[in-house]
Amino acid sequence: MAERIRSFGLKLFRSSKYLYKTQYCRRQNLSQDIRHGIVGMVGRYVILYYFRTPLVRISKLSNETGCEILAKAEFCNGGGSVKDRAAYYLIKDAQEKGQLRPGGTVVEGTAGNTGIGLAHMCLALGYKCVIFMPNNQSQEKIDMLKTLGADVTLVPVVPFTDPNNYNHQASRYAESLHNAVWTNQFDNTANRLAHIETTGPEIWQQTDNKVNAVVFGTGTGGTLSGVGTYLKEKNKNIQVVVADPQGSVLYNWYKHGKLERSEGSSITEGIGQGRVTENMKGAPVDDVFLIKDKDAVEMTFRLLHEEGLFVGASTGLNVFAAYQLARSMGPGHTIVTCLCDTGQRYYEKLFKKDVLQQKGYLENLPKIYWKYLH
Ligand SMILES: Cc1ncc(COP(=O)(O)O)c(C=O)c1O
C-alpha cells in the first residue's frame, strides 16, 4: 500500500513537472524539445522522455550473442560525458544546502570528466571552477578544462591515504576560500542520486522494463550504484555487475572481501578504485568482472571499426564486460552499459601508434585496427 501511494505521488510530481514545462513552453511560444542551456542538456528523465540520452544497440555484438547489448550514449550530454549528471547534482546539492552563493567557487578533485561537467555548469551559472587533477590524465581533458575557464592544478598520483592526494588538496583549498564548496564527488551521495533519479529511470523506460542486467566500470561508483539501486527497486532479479580494470581493488573486494589491488595498472581513465567510496557503499552488486586492458582496448577499436562509435577506453571496458556477461547469461537477455565519453578525449594516449607501441598495447591489437592509429 505504502509503495502504491509513493508511486502515485511520484507520478503526480512528474506530471506536475511536465504540465509546468508544457505551460512554460506555450507561454514562451517554444517547442517542448528546446533545452534550457547547458544544464538542460544533461540527461534527465521526465515524463514524456525529453532530455534523456539515446540507448544504442550494439548490433554486431548483439547478433553474435543473441542478447540485446545496449549502451547509454552518455557522450550526448552537454559536457560530453556520463559525469555531467553527477556535476549537475553536485552543484544543485551545494546550492540547496546553502554552501554556494552567487559568484562562489566550486572546487573538485577529478580525473577530468566531472571537472569538465562542472566547468561548463559554472560558466552557465556564474561560479568559478577550480580543479585538482592527478598528473597522469589525458592532455585533451586538461586543455578542455582550461578552455572552459577552470583553474587547473595537476598533482602527483598518490593514494587516498596520503594527505597530498588530489581530493584532500581540493578539500583544503575550498576550506581556505570564502563562499566556496568542495563538491566531493566520491563521497557526496548527491552523485549517486543523479543516477537514481535520471539514468536508472531512463534505462527502465527505454528498455520497456525488459532490462535483465547492467554492467559498469566504476570510479566514484555513482553510476553503478545509482542505476543498480533504482533498477533493483523495480525488479530485484536485475543483475548488477561491476567491471573492474587492472590495478583496482573492487574485484578482490566483491570476490573475496579484501581491499587488495589486482595486478597491473590500466590505460583507462576515470575508473578503478583503491577503496569503497560512500557512493559505492551499499550498492546492490551481484557480480564483478576483472577486465584486462588488452580486452578493453581491443573493444574500443572494435566499436569504432564495426559500429562507427568513437569512444574512450573506459567505454571499451564497459562494452567488453557487457559482451562477456551476454555470453555467460546466454541468448535472450537484455544487457545495458554506457558509452562514457568520446575518443576525442584520448587522441594522444589511445589513438597514436608509437604511444600504444611504447606501452605494449600494439602487439595485442589486431592488425585490422591499425589503420585507425595516427
Ligand atoms: C571516462 C569515465 N568513465 C567512467 C567513469 C565512472 O563513473 P562513476 O564515477 O559514476 O563511477 C568516469 C568517472 O570519472 C569517467 O571519467
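Heads up: the sequence shown at position 171 corresponds to 171 in UniProt numbering, and the numbers run straight through without jumps.
Ideal placement from N, C-alpha and C gives every residue a C-beta, glycine not left out.
Keep in mind it's a predicted model, so treat the numbers as computed, not measured.
In or out: residue i buried (at least 16 other Cβ within 10 Å) or exposed?
| i | result |
| --- | --- |
| G200 | buried |
| Q139 | exposed |
| R85 | buried |
| R57 | exposed |
| V157 | exposed |
| S262 | buried |
| T147 | exposed |
| I34 | exposed |
| R192 | buried |
| K210 | exposed |
Which residue's Cα is closest to the Cα of residue i: the options?
| i | options | result |
| --- | --- | --- |
| L259 | N364, A180, G272, S59 | G272 |
| Y127 | K234, W182, G282, P284 | W182 |
| E363 | Y347, A321, I335, K294 | K294 |
| R302 | P366, L177, N165 | P366 |
| N165 | N191, G360, F132, L356 | F132 |
| V297 | K353, H178, D33 | K353 |
| residue 389 | E278, S81, G98, E175 | A query on residue 389 cannot be resolved here, the shown segment of the chain reaching from 1 to 374 and no further. |
| V39 | K83, V152, G66 | K83 |
| K229 | N279, M144, P163, H36 | As written in the sequence, residue 229 is Thr, which differs from the Lys given in the question. Closest by alpha carbon: N279. |
Please determine whether the Cβ atom of residue i lies at a distance below 7 Å from any heavy atom of ligand 1.
| i | result |
| --- | --- |
| K83 | yes |
| E269 | yes |
| S314 | yes |
| L90 | no |
| C340 | yes |
| N113 | yes |
| A86 | yes |
| T153 | no |
| L224 | yes |
| T220 | yes |
| G257 | no |
| G80 | no |
| G217 | yes |
In chain order, what residues of the same chain have a beta carbon less than 6 Å from the beta carbon of residue i, not counting five sequence neighbours either side?
| i | result |
| --- | --- |
| S62 | E68, I69 |
| S248 | G272, Q273 |
| N212 | H333, T334 |
| A321 | V215, A243, F289, I291 |
Go through its chain and collect everything with a Cβ distance to residue i's Cβ below 8 Å, but skip five positions before and after it.
| i | result |
| --- | --- |
| Y346 | S138, E140, E269, G312, A313 |
| F232 | According to the sequence displayed, residue 232 carries Lys and not Phe. Excluding positions up to five away in sequence, the list reads I238, V240, P284. |
At a cut-off of 7 Å, would you count residue i as near ligand 2, judging by its Cβ distance to the nearest heavy atom?
| i | result |
| --- | --- |
| I142 | Of the ligands one can find in the structure shown, namely ligand 1, none is ligand 2. |
Going by beta carbon distance, what residues of the same chain come within less than 7 Å of residue i, once the five residues before and after it are set aside?
| i | result |
| --- | --- |
| A170 | V107, E108, G109, F132, W182 |
Taking the runs of the beta strand (DSSP E) that are 3 residues or longer, which of them lie wholly in the segment 225 to 273? 239 to 245
Every unbroken beta strand (DSSP E) within the segment 77 to 165, with a cutoff of 3 residues, ordered by chain: Taking only runs of at least 3 residues, the beta strand (DSSP E) segments lying wholly in the segment 77 to 165 are 105 to 109, 128 to 134, 151 to 155.
What are the complete alpha helix (DSSP H) segments, minimum 4 residues, inside the segment 173 to 232? 190 to 194, 200 to 206
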